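Chemist: Chains as they are written, first to last, in the numbering used here: chain F, 18 to 482; chain C, 18 to 482. Here it is, the structure, as structure tokens.
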């Protein structure tokens with residue numbers, strides 16, 4: 018399957034053939050996580066936990082079902098999600114008095130409790146997150162990890178005494194993203210979404226976008242400043258040091274299984290997946306190059322290599338199945354295992370292994386004396402190389418455009434007057450959209466790509482996946 | 018709060034006051050997991066994962082929503098759950114063509130896929146598990162961790178070529194239980210449930226019961242032999258070595274947050290919780306006995322002790338809050354931290370800490386030279402002592418009874434003819450029920466406690482929670 022010829026088909030094939038997902042579940046958009054895919058997701062979750070926990074955020078778990086009356090307290094929020102929620106109307110034989118909805122996100126489940134948890138400034142900041150299943154009734158075409166109806170979701174929620182402290186949290190959220198993205202070998206851009214595209218109920222939204230190989234962009238996370246938009250209707254107030262009762266300032270942070278989708282899309286090649294070592298379910302596969310039983314010395318050497326790597330905490334699989342080594346190479350390359358170690362007669366006798374990198378295909382010999390150290394370093398080098406390649410490609414996808422006709426795949430940098438009318442015109446005329454305002458500060462000015470008015474705002478335009 | 022005077026009230030108070038659960042969520046039976054309780058549950062989950070993973074079971078994740086038509090393939094199973102399921106009938110503004118139910122358990126979500134995953138004997142055994150939220154519309158009084166409507170659930174599902182291999186899996190399941198129960202310091206009994214009390218659709222059910230302080234019993238896990246009861250209606254067949262198409266033999270294993278409920282109930286005392294060290298969110302709390310800033314040498318010594326324990330992988334909290342040490346002791350005793358280390362002037366000067374065990378209240382000095390080793394050994398000793406005490410109490414709760422009037426709290430051993438009529442009579446006349454047939458083999462015989470017919474069956478009767 019050629020990635021460059023038909024990215025979309027390639028993606029669908031590669032995630033199914035390599036056991037990341039199983040789409041044969043009898044309801045559209047609800048996919049099964051088989052062991053290999055789920056392991057990758059759990060490893061991403063671990064990385065997310067590490068980043069949150071080390072900064073003092075606490076993991077919690079709130080109920081899935083939200084009563085209709087709690088859901089309806091923030092008007093923009095309802096409007097944004099109303100057409101997408103699943104409704105539980107019946108339990109056993111009883112029609113429910115108050116309908117329950119499956120959380121599309123957990124503001125309206127958490128905030129009634131936050132209102133009881135927070136009393137005074139001593140209770141602030143409150144910083145919690147949860148890793149849960151959320152639900153959105155997608156009407157668009159679904160796609161594994163990228164657009165599904167049951168979403169593996171990570172949501173951070175914080176409450177602060179001041180707007181400035183909430184802004185500080187958003188800066189920390191971007192650090193958290195950097196930590197996670199390093200493990201995923203994913204470059205990303207931060208875009209403040211235009212008003213009409215922010216999270217329903219938010220004061221503003223910063224989205225984390227990554228460029229896909231077909232030139233479209235994928236939002237893999239988003240960070241929202243709520244100001245007091247939810248704390249007032251949900252009655253989340255605190256007593257400040259002067260005894261004054263004031264509404265808290267809130268932020269949220271959403272990340273999802275889309276991170277895995279981005280890993281697949283950005284790193285994979287015509288042979289299949291390529292996993293970044295930090296989240297690879299199997300980091301190293303050890304393959305004896307003669308069939309099992311044909312050479313005792315090879316079997317023994319391969320088993321010893323695998324055992325040593327496992328003991329060193331490296332996720333290692335010894336593949337001693339009774340099939341041809343070539344078939345094994347093919348399979349593990351498809352599954353994206355970052356490093357293959359071949360053990361043949363020469364290797365077993367002369368005490369080395371032949372290492373083959375999945376990222377570059379390059380072969381090299383590693384003496385068994387320094388096995389653990391050399392393998393760790395190779396995995397590090399693979400991680401660095403994967404990030405370097407992805408970053409170069411992302412860089413190449415960026416270009417400045419001076420008129421609507423030039424807008425194409427990738428990240429199009431434009432001058433924009435800031436008005437919604439001009440923003441929407443871009444959509445209509447090009448099929449691409451304003452992702453938002455980038456983080457960098459522009460010096461100078463130009464003319465809006467639509468109305469030609471002088472402006473100091475630069476914006477990024479792309480076709481979102 | 019006195020545990021012995023009113024166990025039920027004590028339980029409800031102790032889980033809320035010590036932040037294991039928050040019952041203020043606006044829907045009955047749907048509770049919030051605050052950080053402390055969720056951390057304990059995640060530690061139990063880790064132990065469960067370790068036991069399954071080390072035996073080669075794979076973790077998966079199936080969708081929450083099950084279409085009505087898939088649910089209806091096994092008749093007894095439907096009958097067992099029909100009155101308890103939540104129904105999603107609407108999404109956005111659309112009435113759904115096929116109603117979806119929230120999984121009460123995942124047989125009917127998994128088995129249509131198993132039918133595609135399994136082709137030949139080479140695909141067997143299939144052994145997977147998942148850790149998910151399940152839903153049962155409880156009409157009985159709810160109780161945190163013990164009877165809730167959204168259940169934190171661990172379910173293992175296996176498929177085998179023969180009945181005998183499935184029986185072997187059930188033996189392994191009991192080993193898994195032993196491993197988990199060791200970490201929880203919980204003694205347990207295995208009872209083959211009577212026919213009328215088995216899992217809906219099962220061939221037989223072995224339940225794992227533990228005795229609570231009020232003499233009632235709590236089922237904390239159950240293991241089911243399905244034989245071909247599900248594989249035939251769900252079309253899970255394999256081609257055997259002779260090319261014959263045959264239905265697989267299946268088992269399941271269910272464990273839940275009830276394990277945490279049992280930990281609270283069995284180990285706690287009038288002061289609050291007592292956590293077994295392997296699953297304690299905080300294993301050691303270090304308390305400086307002068308207020309912060311009053312003595313630099315104490316602050317420094319306490320911080321160093323905490324840092325060394327953290328580095329040694331022990332979950333440690335340094336409590337340097339500006340409140341009286343006595344208040345800290347009270348709080349951490351309530352939260353069940355197994356070991357408290359006090360650091361005062363004498364300790365800081367003479368290089369030792371005063372260790373206070375939560376299980377026995379005993380104090381002892383530990384020289385800082387051997388800190389990590391001594392603390393680890395003390396935690397081990399606490400674990401052993403907690404299991405010993407719980408096992409003695411469970412043993413004391415067992416008694417043989419010769420007539421219905423003698424049936425009381427605890428485990429009542431009776432002779433039983435094996436007939437349902439006699440079994441149900443026990444229920445009606447005593448309010449206690451037949452838990453089932455114990456694992457031990459009886460020699461000899463006696464007369465059924467109801468009909469007085471000669472029998473070789475011994476059964477265990479208790480009042481289940």
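Note that the Cβ used here is the ideal one computed from N, Cα and C, for glycine as well. What you are looking at is a predicted structure, and each value in this text was computed from that prediction instead of being measured.
Closer than 6 Å by C-beta to residue 429 (chain C): which residues in its own chain qualify, once you throw out the five before and the five after it? Chain order, please.
Modeler: Same-chain partners within the cutoff: 418 and 478.
Chemist: Kindly indicate which three-state DSSP category residue 224 (chain F) falls into: helix, strand or coil?
Modeler: Looking at residue 224 (chain F) - three-state DSSP - the assignment turns out to be strand.
Chemist: Between the region 95 to 122 of chain F and chain C, which residues of the former have a C-beta closer than 9 Å to a C-beta of the latter?
Modeler: 99, 100, 101, 102, 103, 104, 105, 106, 107, 108, 109, 110, 111, 113, 115, 116, 117 and 119
Chemist: Output the boundary residues of the alpha helix (DSSP H) element that contains residue 314 (chain C).
Modeler: 313 to 328
Chemist: Using a Cβ-Cβ cut-off of 7 Å (strictly less than) and excluding sequence neighbours within five positions of residue 151 (chain C), which residues of its own chain qualify?
Modeler: 120, 121, 122, 168 and 170
Chemist: What span of residues does the alpha helix (DSSP H) with residue 191 (chain F) cover, start to end?
Modeler: 180 to 201
Chemist: Measuring alpha carbon to alpha carbon, tell me which residue in F:67, F:62, F:279 and F:264 is nearest residue 29 (chain F).
Modeler: F:279
Chemist: From the DSSP secondary-structure annotation, give me the bridge partner or partners of residue 304 (chain C).
Modeler: C:359
Chemist: Please list the terminal residues of the continuous alpha helix (DSSP H) segment that includes residue 284 (chain F).
Modeler: 275 to 284
Chemist: Going by beta carbon distance, what residues of the same chain come within less than 7 Å of residue 77 (chain C), once the five residues before and after it are set aside?
Modeler: 145 and 147
Chemist: Indicate the three-state DSSP secondary structure (helix, strand or coil) for residue 77 (chain C) in the structure shown.
Modeler: coil
Chemist: Taking 8 Å as the limit between beta carbons, can you name the residues of its chain near residue 230 (chain F), skipping five residues before and five after?
Modeler: 20, 21, 24, 282, 283 and 410
Chemist: Need the endpoints of the alpha helix (DSSP H) that residue 455 (chain C) sits in, please.
Modeler: Segment 450 to 455 is the beta strand (DSSP E) holding residue 455 (chain C); no alpha helix (DSSP H) there.
Chemist: With residue 359 (chain C) and residue 304 (chain C) assumed to form a contact (beta carbons below 8 Å), what rounded beta-carbon distance in angstroms separates them?
Modeler: Yes, they are in contact, since the Cβ atoms of residue 359 (chain C) and residue 304 (chain C) sit about 5 Å apart, within 8 Å.
Chemist: Just the chain F side, please: which residues come within less than 7 Å of residue 39 (chain C) by C-beta, in chain order?
Modeler: 130
Chemist: Apply the 10 Å Cβ neighbour rule to residue 39 (chain C) and answer buried if 16 or more other Cβ atoms are within range, or exposed otherwise.
Modeler: The residue in question, residue 39 (chain C), is buried, as its Cβ has 16 or more Cβ neighbours within 10 Å.
Chemist: I'd like the ranges of any beta strand (DSSP E) spanning at least 3 consecutive residues and lying wholly in the region 327 to 413 of chain F.
Modeler: 333 to 335, 356 to 360, 369 to 374 and 380 to 384
Chemist: Going by DSSP, what residues sit across from residue 238 (chain C) in a beta bridge?
Modeler: C:225 and C:272
Chemist: Just to make sure I have the definition right: I need the residues of chain C whose C-beta is within less than 7 Å of the C-beta of residue 335 (chain F). Which are they?
Modeler: Under the 7 Å cutoff, chain C gives no residues; its nearest Cβ is about 14 Å from residue 335 (chain F).
Chemist: Measuring only the C-alpha atoms, how far is residue 184 (chain C) from residue 246 (chain C)?
Modeler: 15 Å
Chemist: To which residues of the same chain is residue 64 (chain F) closer than 6 Å at the C-beta, ignoring the five residues directly before and after it?
Modeler: 197 and 200
Chemist: Going along the region 66 to 80 of chain F in order, which residues come within less than 8 Å of chain C, judged by CB to CB distance?
Modeler: 75, 76, 77, 78, 79 and 80
Chemist: Identify every residue that forms a DSSP beta bridge with residue 209 (chain F).
Modeler: F:223 and F:454
Chemist: Please report the residue range of the beta strand (DSSP E) in which residue 216 (chain F) lies.
Modeler: Careful: residue 216 (chain F) lies outside any beta strand (DSSP E) and carries neither H nor E.
Chemist: So does the region 155 to 166 of chain C actually touch the region 254 to 267 of chain C, counting three or more Cβ pairs closer than 8 Å?
Modeler: no
Chemist: Which value, in whole angstroms, describes the spacing of the CA atoms of residue 96 (chain C) and residue 125 (chain C)?
Modeler: Roughly 13 Å between the two C-alpha positions.
Chemist: Using a Cβ-Cβ distance cut-off of 8 Å, determine whether residue 47 (chain F) contacts chain C.
Modeler: yes
Chemist: Could you give the residue range of the beta strand (DSSP E) that holds residue 87 (chain C)?
Modeler: According to the DSSP assignment, residue 87 (chain C) belongs to no beta strand (DSSP E) but to the alpha helix (DSSP H) extending over 85 to 88.
Chemist: Any contact between the region 334 to 343 of chain C and the region 261 to 274 of chain C? By contact I mean 3 or more CB pairs, one from each, below 8 Å.
Modeler: Inter-segment contact for the region 334 to 343 of chain C and the region 261 to 274 of chain C is absent: fewer than three beta-carbon pairs are separated by less than 8 Å.
Chemist: Please identify the residue among C:104, C:450 and C:81 whose C-alpha is closest to the C-alpha of residue 47 (chain F).
Modeler: Of the candidates C:104, C:450 and C:81, C:81 places its Cα closest to the Cα of residue 47 (chain F).
Chemist: List the residues of chain F that residue 159 (chain C) touches, going by C-beta distances under 7 Å, in chain order.
Modeler: By Cβ distance, chain F contributes nothing, its closest Cβ being about 13 Å from residue 159 (chain C), past 7 Å.
Chemist: Could you spell out the range, first to last residue, of the beta strand (DSSP E) harbouring residue 66 (chain F)?
Modeler: Unbroken run through residue 66 (chain F) is the alpha helix (DSSP H), 52 to 70; no beta strand (DSSP E).
Chemist: Note down, in chain order, every chain C residue with its Cβ under 9 Å from the Cβ of residue 154 (chain F).
Modeler: Near residue 154 (chain F) (Cβ distances below 9 Å), the residues of chain C are 108, 109 and 111.
Chemist: Are residue 396 (chain C) and residue 300 (chain C) close, meaning C-beta to C-beta below 8 Å?
Modeler: yes
Chemist: Decide yes or no for the touch test of the region 450 to 458 of chain F against the region 201 to 210 of chain F: beta carbon pairs closer than 8 Å, at least 3 of them.
Modeler: yes
Chemist: Would you mind reading off the limits of the alpha helix (DSSP H) that contains residue 132 (chain F)?
Modeler: 124 to 134
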